[in-house]
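K.L.:
In the numbering used here, the protein residues as written are -8 to 135. A virtual CB, placed ideally from N, CA and C, is assigned to each residue, including glycine. The structure displayed is predicted, hence computed values, not measured ones.
1) Since residue 79 is in the beta strand (DSSP E), which residue starts that stretch and which ends it?
2) Tell me, which residues are paired with residue 55 by DSSP?
3) Find the nearest neighbour of residue 5 within the set 124, 115, 126, judged by alpha-carbon distance.
4) Going by C-alpha distance, which of 10, 83, 122 is nearest residue 67?
5) Taking DSSP as the reference, what is the three-state secondary structure of residue 71?
6) I'd like the span of the alpha helix (DSSP H) that includes residue 64, first residue to last.
7) Should residue 53 be flagged as near chain D, meaning a C-beta pair shorter than 7 Å?
8) When you compare the stretch 56 to 73 with the stretch -2 to 12, are there three or more beta-carbon pairs, one atom per stretch, that lie closer than 8 Å?
9) Just to confirm, is the Cβ distance from residue 52 to residue 89 under 7 Å?
10) For my contact list, residue 62 and residue 44 are in at a C-beta cut-off of 8 Å; report their separation, rounded to the angstrom.
11) How big is the Cα-Cα spacing for residue 26 and residue 69?
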């Protein structure tokens, strides 16, 4: 394989690894955002369970729109268990589901961080190889 082909191959490898690293960073950000949202939800459920019935609430309807409501039951929570299926659970049952989701997200975060670390090490090696291959070509072109 000629030096030019090796340089092209190393360059493509660097670009692929950079793209993969960016994809992992994006997925990691989604996991972190979801974790933060779930932690906030967990705190809200815990606080809600301590509230008295008929406590006035401000309910987020979405898009920055809120409605007034009264808390009818502090012992039951409606929770999405996947694919749009919502079930009624006790506060404890809801917190168990939330905690399980947080554990899964923590495992996903750890896995993504490990993958990113491995990709960044490979990327560093590939950039070094590209630099080594390019150095003689730069010297040759500067002598002309």
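P.N.:
Let's see:
1) Working through the chain shown from its first residue, we reach residue 79 at position 88. Taken as a continuous stretch (DSSP letters only), the beta strand (DSSP E) holding residue 79 covers 76 to 81.
2) Position 64 of the chain shown, counted from the start, is the residue given in the question as residue 55. Bridge partners of residue 55: none, in fact.
3) For the purposes of this step, residue 5 is taken as the residue at position 14 of the chain shown. The residue from 124, 115, 126 with its alpha-carbon nearest to that of residue 5 is 115.
4) The sequence position of residue 67 within the chain shown is 76, counting from 1. If you compare the alpha carbons of 10, 83, 122 with that of residue 67, the shortest gap goes to 83.
5) Position 80 of the chain shown, counted from the first residue, corresponds to residue 71. Residue 71 falls in the strand class under three-state DSSP.
6) Residue 64 sits at position 73 when you count from the first residue of the chain shown. Element bounds for residue 64: n/a, residue is neither H nor E.
7) Looking at the structure shown, chain D is missing, and only one protein chain is on hand.
8) When Cβ pairs closer than 8 Å are counted between the two stretches, the stretch 56 to 73 is seen not to touch the stretch -2 to 12, the count staying below three.
9) Position 61 of the chain shown holds residue 52. Position 98 of the chain shown holds residue 89. The Cβ-Cβ distance between residue 52 and residue 89 does not fall below 7 Å.
10) Numbered from 1 along the chain shown, position 71 holds the residue referred to as residue 62. Numbered from 1 along the chain shown, position 53 holds the residue referred to as residue 44. Going by Cβ atoms, the distance from residue 62 to residue 44 rounds to 6 Å, so yes, they are a contact pair.
11) Mapped onto the chain shown, residue 26 falls at position 35. Mapped onto the chain shown, residue 69 falls at position 78. Approximately 19 Å, taken between the alpha carbons.
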